[in-house]
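*Asks:*
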Amino acid sequence: MRRILASANNNREHTSMSSELETTQESHTPRVTLTAPTNDTGDGRMKIDVIGGKLEPSNKCSRKITETIYERLEPSGFNWKLVSDVTKNFYFEEFKKYFVWRSEISEEVVYDA
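Per this note's numbering, numbering of the sequence shown is gapless, rising by one per residue and ending at 113.
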């Protein structure tokens with residue numbers, strides 16, 4: 001029984017010592033906090049950019065555009081040239097509800113991208 005208690009005490013001392021060492025090492029280790037750049041504007045819209053005539057981040061933009069097109073399909077819409085201007089404007093107005101861009105970039109540039 002003494003051996004078991006002595007062994008348990010030795011383990012407890014070793015455990016507390018190793019945790020103190022970990023604490024000591026952690027306190028001397030500089031903490032570096034990395035934050036990823038955010039595209040959130042605070043109003044729920046994502047910041048986008050036009051790079052090389054394309055919307056970036058393209059995957060997020062294309063997903064939302066696809067959702068919007070499926071929301072309001074036009075029978076003649078198999079070809080973009082045949083989609084009415086009213087429907088195209090609807091798509092762009094919906095797009096603007098989810099995305100925002102720098103003021104130096106005109107709506108026309110975003111629309112054409």
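Beta carbons are placed, not taken as given, at the ideal position from N, Cα and C, and that holds for glycine.
Model, not experiment: these values are computed from the prediction.
Should the region 94–106 be regarded as contacting the region 42–49, the criterion being three or more beta carbon pairs within less than 8 Å?
*Replies:* Verdict: yes, contact present.
*Asks:* Please state whether the Cβ-Cβ distance between residue 64 and residue 95 is less than 8 Å.
*Replies:* Your numbering for residue 64 matches position 64 in the sequence shown. Your numbering for residue 95 matches position 95 in the sequence shown. Going by C-beta atoms, residue 64 is nearer than 8 Å to residue 95.
*Asks:* State yes or no: is the C-beta of residue 71 within less than 8 Å of the C-beta of residue 83?
*Replies:* Your numbering for residue 71 matches position 71 in the sequence shown. Your numbering for residue 83 matches position 83 in the sequence shown. Contact flag unset, no.
*Asks:* Should residue 170 go down as buried or exposed, given a rule of 16 or more other Cβ atoms within 10 Å for buried?
*Replies:* This structure cannot settle anything about residue 170, because the visible part of the chain is limited to 1 through 113.
*Asks:* Would you list the one or two residues that DSSP bridges to residue 56?
*Replies:* Taking the first residue of the sequence shown as position 1, residue 56 is located at position 56. According to DSSP, which records beta bridges pairwise, residue 56 is partnered with 49.
*Asks:* What are the boundary residues of the alpha helix (DSSP H) that includes residue 110?
*Replies:* In the sequence shown, the residue the question calls residue 110 occupies position 110. Per DSSP, residue 110 belongs to the alpha helix (DSSP H) from 107–112.
*Asks:* For the beta strand (DSSP E) containing residue 99, list its first residue and its last residue.
*Replies:* For the purposes of this step, residue 99 is taken as residue 99 along the sequence shown, with counting starting at 1. Taken as a continuous stretch (DSSP letters only), the beta strand (DSSP E) holding residue 99 covers 99–101.
*Asks:* Where does residue 63 fall in DSSP's three states?
*Replies:* Translated into positions along the sequence shown, residue 63 becomes position 63. Three-state DSSP puts residue 63 in a helix.
*Asks:* Between the Cα of residue 80 and the Cα atoms of 43, 112, 44 and 42, which residue gives the shortest distance?
*Replies:* Locating residue 80 in the sequence shown gives position 80, counting from the first residue. Looking at the Cα atoms, 112 is the closest of the given residues.
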